[in-house]
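Heads up: the structure comes next, in structure tokens.
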Amino acid sequence: MHVIRHLEDRPEAALGGAVAIGNFDGVHRGHAALIRKLVERARAARGPAVVFTFDPHPVRLLRPAECPPPLTWTERKAQLLAALGVDWVIAYPTDKALLALSARDFFQRIVVDALGARAMVEGPNFYFGHNREGTIDVLRGLTAEAGLSLDIVPPIEVEGELVSSSRVRRLVAEGAVGPAARLLTAPYRVRGLVSHGAGRGAQIGFPTANLAGIDTLLPAHGVYAGVGRLGDQRWPAAVNVGPNPTFGEHETKVEAHLVGCDEALYGQTLEVDLLEHLREIRPFASAELLAQQLKSDIASALDVYRRFLESRASNLEAEGFSQSRGGAEKDETK
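If you read the sequence shown in numbering that gives the first Met the number 0, its first letter stands for residue 0, the second for the next number, and so on.
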């Protein structure tokens, strides 16, 4: 899979396929249904499956005060889309000139002239062009004029409610990362630069990696079970999101204790999958009592991690892959 930032950099291999346009924030199961149809149409056309997305989200330019933090950063989004079969992701730098294009001009310049698309796949709530003037009915007319096929993929429901980025965002904001993961195609992930903290975790026997510069949505304050990821390495993790009231600190921080990690991580970018909410944050009467609770948190996090590995292995087997072929995680708990 390849990521393109500018259309003038597009290679011949990215042309003449099926195109889907949208934000695809989080890459949830509704997106996955759309991408399956996109890949099907691309293969039928003997061309690539192309996703055209916006970086940043158009609302960040038009109404920045109303723009929530994203669920995924661009590279993560592209990674998730690639796992679904997408060949090319165009992460177009959103600017006011692009947003000023009429629906017809946007379609002609991007879909027809730049990408030479033979097919389009969209959801029923897709809008495009200046002031969102391009509706699905407008798109039907434009694709018919240009001789492109058009598929409209209906949204999907889980537990009686439509799957959407807004729903995922609400769950994450509430700290319900487990339920959010059931709507996503992968666990909810954050990333940050490992920076120096106060070192209090190390002083009581539980060193943490302190993540700075996180620009995606943070879950509600709490302690979470997770997985730390650096390159090909994985560690089960107990992750604190929020303040440290035991020591009188009120600043929101993300601190991950990585079980079995003895590496110096400062200055490196660490990614953390958040698997399950374990407990609320609360103050303790002493550092010793906090240490006892952290020991319990780590035991709980290890249990969640083992169940995560077992579930993933079962899913791989169901899809016809063995662990050796599927690249299962190394279990750092043994």
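Glycine included, C-beta positions come from ideal geometry on N, C-alpha and C.
For a quick check, are the C-beta atoms of Val-2 and Ala-48 less than 9 Å apart? Their beta carbons are not under 9 Å apart, which means Val-2 does not touch Ala-48 by this criterion.
Length of the line joining the Cα atoms of Phe-334 and Arg-168: Lying outside 0 to 333, the shown extent of the chain, residue 334 is not represented and no answer is given.
According to DSSP, is Asn-22 part of a helix, a strand, or is it coil? Residue state, collapsed to three classes: coil.
Which stretch, first to last residue, makes up the beta strand (DSSP E) that contains Leu-141? First-last for Leu-141: 135–145, but that is the alpha helix (DSSP H), not the beta strand (DSSP E).
Mind checking which residues open and close the beta strand (DSSP E) that includes Gly-241? Its beta strand (DSSP E) spans residues 232–243.
Please state whether DSSP places Ser-163 in a helix, a strand or coil. DSSP places Ser-163 outside both helix and strand once states are collapsed to three, so it counts as coil.
Ser-148 by DSSP, collapsed to three states: which one? Of the three classes helix, strand and coil, the one that applies to Ser-148 here is strand, per DSSP.
In the DSSP output, which residue or residues are listed as bridge partners for Lys-252? Note: Lys-252 is bridge-paired with Gly-241 in the DSSP secondary-structure output.
If you count every other CB in all the chains shown that lies within 10 Å of the CB of Asn-239, and 16 or more means buried, which is it? Taking a 10 Å sphere around the C-beta of Asn-239, we find 16 or more other C-beta atoms and assign the residue as buried.
May I have the straight-line CA-CA distance separating Leu-257 from Leu-264, to the nearest angstrom? Leu-257 and Leu-264 have their C-alpha atoms spaced approximately 11 Å apart.
Looking only at its chain, what residues have a beta carbon closer than 8 Å to the beta carbon of Glu-74, apart from the 5 residues adjacent to it on each side? When the five nearest sequence neighbours on each side are left out, the beta carbons in the same chain lying within less than 8 Å of the beta carbon of Glu-74 are those of Val-2, in order along the chain.
Leaving out five residues before and five after His-27 in sequence, what residues of the same chain have Cβ atoms less than 6 Å from its Cβ? Taken in chain order, the residues that qualify are Val-162, Val-167, Leu-182 and Leu-183.
Can Ala-219 and Ala-172 be called in contact, C-beta distance under 9 Å? One thing to note: Ala-219 has its Cβ within 9 Å of the Cβ of Ala-172.
If I follow the unbroken beta strand (DSSP E) through Val-226, where does it start and stop? Element bounds for Val-226: 221–229.
Integer-rounded CB distance, given that Pro-92 should sit under 8 Å from Asp-54: Taking a contact as a CB-CB distance under 8 Å, the pair Asp-54 and Pro-92 counts as one, their CB atoms being some 6 Å apart.
Kindly indicate which three-state DSSP category Ile-34 falls into: helix, strand or coil? Three-state DSSP puts Ile-34 in a helix.
Should the segment 50–69 be called in touch with the segment 16–24, which here means at least 3 C-beta pairs below 8 Å? Flag = yes, the segment 50–69 and the segment 16–24 touch.
Going by beta-carbon coordinates alone, are Thr-251 and Val-193 separated by less than 9 Å? Cβ atoms of Thr-251 and Val-193: not closer than 9 Å.
Own chain residues within Cβ distance below 6 Å of Phe-205, not counting five before or after: Here the set comprises His-256 and Leu-293.
Does the beta-carbon of Asn-314 have 16 or more other beta-carbons within 10 angstroms, so that it is buried, or is it exposed? Exposed is the call here.
Inspect the CB distances between the segment 142–152 and the segment 35–46 and report whether three or more fall short of 8 Å. Yes, the segment 142–152 is in contact with the segment 35–46.
Proximity below 9 Å, CB of Leu-229 to CB of Glu-262: One thing to note: Leu-229 has its Cβ within 9 Å of the Cβ of Glu-262.
Using DSSP bridges, identify the partner residues of Glu-270. Residue pairing of Glu-270 in beta bridges, as defined by DSSP: Arg-190 and Arg-228.
Taking Phe-283 as part of the alpha helix (DSSP H), name the residues at either end of that continuous run. Run containing Phe-283: none; DSSP gives neither H nor E here.
Taking its Cβ as the centre, do 16 or more other Cβ atoms sit within 10 Å of Lys-76, making it buried, or is it exposed? Buried is the call here.
Gly-221: which of Ala-236, Gly-241, Gly-212 and Val-58 sits nearest, CA to CA? It is Gly-241 whose Cα lies nearest to the Cα of Gly-221.
Between Ala-236, Cys-260 and Arg-311, which lies nearest to Ser-299 when the distance is taken from Cα to Cα? Nearest neighbour of Ser-299 by Cα position, chosen from Ala-236, Cys-260 and Arg-311, turns out to be Ala-236.
Who are the Cβ neighbours of Glu-156 in its own chain at under 8 Å, not counting the five residues just before and after it? Only Val-162 meet the Cβ criterion.
Would you tell me roughly how many angstroms separate the C-alpha atoms of Glu-279 and Glu-144, rounded to the nearest one? Taking the straight line joining both Cα atoms gives about 57 Å.
Quick one: which unbroken alpha helix (DSSP H) runs of 4-plus residues sit fully inside the segment 88–128? Chain order, please. Counting whole runs of 4 or more residues, the segment 88–128 contains the alpha helix (DSSP H) stretches 95–98 and 102–105.
Three-way DSSP call (helix, strand, coil) for Ala-208 in this model: Ala-208: strand per DSSP, three-state reduction.
Mapping the DSSP letters down to three states, classify Asp-214 as helix, strand or coil. It is coil, neither helix nor strand.
Determine whether the beta carbon atoms of Ala-13 and Leu-83 lie at a separation below 9 Å. Not a contact, by the Cβ cut-off of 9 Å.
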